[in-house]
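Student:
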Amino acid sequence: MSSEDLVCCGSGCTSCVLDVKPSKHTLPSDVTNVFDRTYKPFVCETITQATANVFRFRFRYVSKTATTDRDRLIVPPGCHLMLRTLRTHNPDSTGNNQLQAWRAETSTGPKDYSSTSVKKPIEKYDKTEDDLYISRPYTPIAFDQEQGTFDVLIKLEPGGLMSNYLTTLSVGSRTEWKGIYGDFLWKRNQHRNVVAFVQGVAIAPVYSTLRAILDDDEDETRLMLCA
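UniProt numbering numbers the first residue of the sequence shown as 1 and each following residue consecutively.
1. Using DSSP with H/G/I as helix, E/B as strand and the rest coil, what is residue 22?
2. Assign residue 178 to one of two classes, buried (16 or more other C-beta atoms within 10 Å of its C-beta) or exposed (fewer than that).
3. Does the count of Cβ pairs from the segment 142-156 and the segment 86-97 closer than 8 Å reach three?
4. Going by the CB atoms, is the gap between residue 134 and residue 166 shorter than 8 Å?
5. Could you give the DSSP three-state label for residue 227: helix, strand or coil?
6. Is the Cβ-Cβ distance between residue 249 and residue 189 less than 8 Å?
7. Say whether the segment 152-161 touches the segment 43-54, bearing in mind that this needs 3 or more beta-carbon pairs closer than 8 Å, one atom from each stretch.
8. Helix or strand or just coil, what does DSSP make of residue 190?
9. Under DSSP, the beta strand (DSSP E) around residue 211 begins and ends at which residues?
Spelled out as structure tokens, the structure:
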């Protein structure tokens with residue numbers, strides 16, 4: 001019997017005998033993930049300020065070649081992507097008004113590592129890249145596999161190299177991302193209860209995992225988030 005043949009009694013029962021879960025949608029075997037561990041072009045679509053120093057960015061995939069119906073943007077829960085930019089990017093480029101306002105308020109500018117008194121930090125998160133680039137890992141908090149978009153929540157640090165680059169972005173800016181990375185794997189109903197304690201932007205991988213669980217009609221895990 002299909003769910004269309006059933007009639008709800010309207011009582012709002014927590015456990016209903018007529019609660020027939022739909023079959024889980026799976027991608028065809030010939031679907032290709034946009035993320036294949038090589039850098040791909042993404043255009044900044046929206047920029048929203050979430051808190052005083054946290055911004056939400058949405059990026060859309062821009063294919064260098066014609067896309068097909070098999071192309072999908074897929075980011076498993078808890079996994080992250082890598083953003084890179086040239087070290088020689090123009091730090092004075094005019095970006096989004098909110099980002100420029102944040103930069104003006106912090107007003108520290110890029111840190112000067114030319115002085116011997118200031119030790120240059122290790123910047124090579126992506127070990128496969130040469131020293132022409134800086135890179136940072138970010139975990140998407142949402143993505144649309146068919147539209148080819150994903151959202152990241154980023155905390156900007158005054159004087160940070162990547163933060164300095166991000167303040168130059170505006171809607172339409174072209175960026176480079178690759179992925180996916182991460183060993184975390186969630187299996188449906190692998191735990192009866194999940195309690196998560198998170199703080200700050202570290203909520204991103206936890207949020208993406210909890211959201212995936214909630215979006216799965218067949219996953220009955222009970223969740224508690226303490227943030």
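Beta carbons: idealized from backbone N, C-alpha and C, even for Gly. None of these values were measured; they are calculated from a predicted model.
Tutor: Walking through what the data contain:
1. Low per-residue confidence applies at residue 22: pLDDT is 39, beneath 50, and the placement is therefore not dependable enough to give any value.
2. Looking at its Cβ environment, which holds 16 or more other Cβ atoms inside 10 Å, residue 178 is buried.
3. no
4. no
5. coil
6. Any question about residue 249 goes unanswered here, given that the chain covers just 1 to 227.
7. yes
8. coil
9. Note, residue 211: premise wrong, no beta strand (DSSP E); alpha helix (DSSP H) at 203-215.
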